[in-house]
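Only one structure is covered here, and it is reproduced in the block below.
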Amino acid sequence: MLGLMQNWPLTVDKILDHANRWYSGREVVSRSVEGPIVRTNYADIHNRAKRLSNALLGMGIKTGDRVATLAWNTGRHIEAWYGIMGIGAVCHTLNPRLFPEQLVYIINHAEDRIIFTDLTFLPVLEGIIDQCPTVEHIVVLTDESELKNVTLRCKGKPCLAMESLIDQHHAEVVWGGFDENTAAGLCYTSGTTGNPKGVLYSHRSNYLHTLVGLQTDVLGLSARDVILPVVPMFHANAWGIAFAAPAVGSKLVMPGSKMDGQSIFELLETEGVTFSAAVPTVWQMLLQHLQSTNSKLTTLKRVVIGGSACPEAIIRAFGDDYGVDVTHAWGMTETSPLGTISRPTADVEALGPDEVIPFKLKQGRAPVGIELKLTNDEGRELPHDGTTFGRLKIRGATIASAYFKQEGGNILDEEGFFDTGDVSTIDQYGFMQITDRAKDVIKSGGEWISSIEIENIAAGHPKSALAAVIGIAHPKWDERPLLLVKLREGQTSTKEEYLAYLEGKIAKWWTPDDVVFVDDIPLGATGKIDKKILRQQFESYRLPTA
Ligand code: ADP
């Protein structure tokens with residue numbers, strides 16, 4: 199027997215319709231790419247997004263067509279998102295930090311028909327547009343006057359100004375009305391292994407992800423919040439904030455292209471921001487700025503930190519010096535991206551304030567809607583004892599079931615779980631902690647060694663600028679760890695000094711078989727250490743123990 203409730207398709211246009219109806223005057227403030235602070239509100243954004251939809255229909259865009267954005271976090275970028283998704287077209291977010299050849303690959307793979315871009319990225323497009331045959335138009339998120347001296351052509355045609363398109367079209371257009379499983383967004387993983395792969399979000403998955411994110415123990419946003427998403431809309435959906443904020447009527451403060459400590463601090467204070475989200479490096483820059491200028495944060499209450507592991511120093515500095523609560527989160531492009539979040543349970547909170555810190559450092563628990571399991575290489579489930587580590591697998595309505603165009607084939611196990619490629623533990627309270635990436639874990643004599651754990655400790659040595667650990671082939675143990683250290687300028691050190699520093703902090707058999715001092719450690723497009731390149735560089739390296 200089926201239930202008798204209304205079939206109300208979960209499409210994201212309804213979110214902005216809701217904001218327009220009930221929070222029409224709530225502000226969206228942007229640091230524009232042209233410079234000045236621009237103030238608008240949900241009613242304006244709604245109206246302008248609808249005009250943009252008509253412009254897209256006029257350009258022949260149909261349901262399922264891919265329309266790309268290459269843009270910073272601004273109100274205009276939100277208008278582009280909803281304008282594209284509202285008519286059932288697919289919003290493909292391009293990450294400007296990718297190499298030009300990767301951009302060419304994903305634009306062609308996605309068969310993007312239009313690219314919306316900020317002025318900032320015109321030089322990038324100038325270099326690649328001739329290699330992207332499917333692209334028919336470039337629309338710049340600006341007004342006509344800014345395009346006077348722009349020479350970029352797409353199929354011989356000059357760039358269009360988004361403001362002119364909006365001026366030339368009216369706001370009468372039907373949004374939604376299609377199946378909730380219709381594709382809404384496309385975002386490629388940065389492809390640290392092989393070519394980038396496209397994750398194709400649906401309206402339904404984005405709508406449900408919004409509800410997951412709004413749980414109190416996840417992002418916990420409200421109509422009283424003022425939100426500054428530093429996390430970019432071009433990477434992993436800006437953690438869903440461009441949907442969650444209008445859903446509950448939070449004021450939005452969009453940082454544009456400026457993510458340095460001073461610029462973020464200015465916006466936090468002048469706009470009365472209560473909540474923000476960013477990767478650890480952004481918060482490091484802000485904290486340095488606060489310390490060097492002896493400034494205080496007068497309105498900020500909560501920050502969410504994810505994308506890579508959150509250092510204890512950040513949690514303590516925010517909490518002790520500025521009264522800001524830090525929530526550590528984990529996720530990935532394939533998980534929309536919110537996967538786990540580290541808010542204390544009643545049991546953990548009862549342990550006391552200092553005892554809570556180790557739990558805040560973990561990546562956290564699964565909110566309702568997400569299922570996790572931990573397995574060994576053979577797929578056998580491992581205990582949740584906080585020490586056994588294995589492959590982290592995830593399942594739910596907001597998790598990818600396949601990549602765009604089935605790239606990479608079947609990505610789910612027989613129970614429908616997606617292998618995250620992360621290696622983690624889960625403790626008795628249900629807190630997951632990442633210990634490594636599966637491809638970076640060092641397999642020594644059938645046991646696993648966490649490369650991240652060793653490199654985090656080595657990076658904490660006062661002489662270290664950066665540290666990385668990779669596995670090197672070994673005739674007896676299969677693989678053994680090699681520690682690579684980039685020293686701070688002017689420092690000298692020895693293998694013995696680093697091994698002595700690690701002693702007692704890691705299991706004896708985890709001790710690296712060698713330490714090599716290097717001039718540089720390569721970083722990838724999202725600022726993480728690129729171990730693929732390191733492994734290539736040290737391919738023929740022979741350990742002294744081999
Ligand atoms: P990619 O870098 O492959 O494009 P994402 O940007 O989606 O992928 O990054 C996802 C990966 O980032 C996760 O699989 C995990 O390894 C890492 N990650 C994300 N959040 C955290 C965190 N809080 N702590 C440690 N690692 C994290």
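Going by the numbering used here, the sequence shown opens with residue 199, and the numbers climb by one from there. All residues carry an ideal CB built from backbone N, CA and C; glycine is no exception.
When C-beta atoms of the segment 492 to 499 are compared with those of the segment 615 to 623, fewer than three pairs fall below 8 Å, so the two segments do not count as touching. In the displayed model, Glu579 falls within a strand according to three-state DSSP. Contact between Asp711 and Pro673 is absent: CB atoms are separated by about 12 Å, not below the 8 Å threshold.
Between Lys456 and Arg229, the gap from beta carbon to beta carbon is short of 8 Å.
Classified as buried, Gly505 has 16 or more neighbouring CB atoms from the shown chains inside 10 Å of its CB. Relative to the ligand ADP, the nearest heavy atom lies less than 7 Å away from the CB of His433. In chain order, Ile503, Gly505, Ser506, Ala507, Cys508, Pro509, Ile512 place their CB closer than 8 Å to the CB of Pro478, counting only its own chain and leaving out the 5 sequence neighbours on each side. Shown here for Ala595: same chain residues with a beta carbon closer than 8 Å to its own, the five before and five after excluded, namely Arg402, Ser403, Leu406, Gly567 in chain order. Annotation: Thr491 is outside any beta strand (DSSP E); the continuous alpha helix (DSSP H) that includes it extends over 478 to 491. The beta strand (DSSP E) runs lying completely inside the segment 227 to 297 and spanning 3 residues or more are 235 to 239, 264 to 268, 288 to 291, given in chain order. Runs of the alpha helix (DSSP H) spanning 4 or more residues and lying entirely within the segment 670 to 701 occur at 693 to 700, in chain order. DSSP places Asp458 outside both helix and strand once states are collapsed to three, so it counts as coil. In the DSSP secondary-structure assignment, Trp646 is bridged to Lys641. In the three-state scheme derived from DSSP, where H, G and I count as helix and E and B as strand, Thr525 is classed as strand.
As the crow flies, the alpha-carbon of Leu732 is around 50 Å from that of Asn218. Beta-bridge pairing by DSSP links Ala381 to Ser400.
For Val265 against Ile282, the beta-carbon gap comes to about 5 Å, under 8 Å, which counts as contact.
In the assembly as shown, Trp206 is an exposed residue. Its beta-carbon has fewer than 16 other beta-carbons within 10 Å. Here the C-alpha atom of Asp211 lies approximately 31 Å from the C-alpha atom of Val322. Taking the Cα positions, Val554 is about 21 Å away from Ile655.
Pro356 is bridged by DSSP to Arg351. Taking the C-beta atoms as reference points, Val231 is found nearer than 8 Å to Leu317. At least one heavy atom of the ligand ADP lies closer than 7 Å to the C-beta of Trp528. Restricting attention to alpha helix (DSSP H) runs no shorter than 4 residues, the segment 493 to 544 encloses them at 510 to 514, ordered along the chain. Val372 carries a coil assignment under DSSP once its states are collapsed to helix, strand and coil.
When beta bridges are read from the DSSP output, Ala744 appears opposite no residue. Proximity of the segment 260 to 278 to the segment 330 to 347 meets the contact definition, three or more beta-carbon pairs being nearer than 8 Å. The bridge partners DSSP lists for Val333 come to none.
According to DSSP, residue pairing for Glu342 in a beta bridge does not occur.
For Arg563, no beta strand (DSSP E) run applies, since DSSP gives it neither H nor E.
Distances from the CB of Gly396 to the heavy atoms of the ligand ADP are all 7 Å or more. Shown here for Thr585: same chain residues with a beta carbon closer than 7 Å to its own, the five before and five after excluded, namely Thr623 in chain order. By the neighbour-count criterion, in which 16 or more other beta carbons inside 10 Å mark a residue as buried, Leu214 falls on the buried side. The alpha carbon of His526 has as its nearest neighbour, out of Phe557, Gly550, Asp552, the alpha carbon of Phe557.
Cβ-Cβ distances below 7 Å link Ala440 to Ile276, Trp279, Met431 in the same chain, with the five nearest sequence neighbours on each side left out; the list follows chain order. Under DSSP, the beta-bridge partners assigned to Ala475 are Pro427, Val502.
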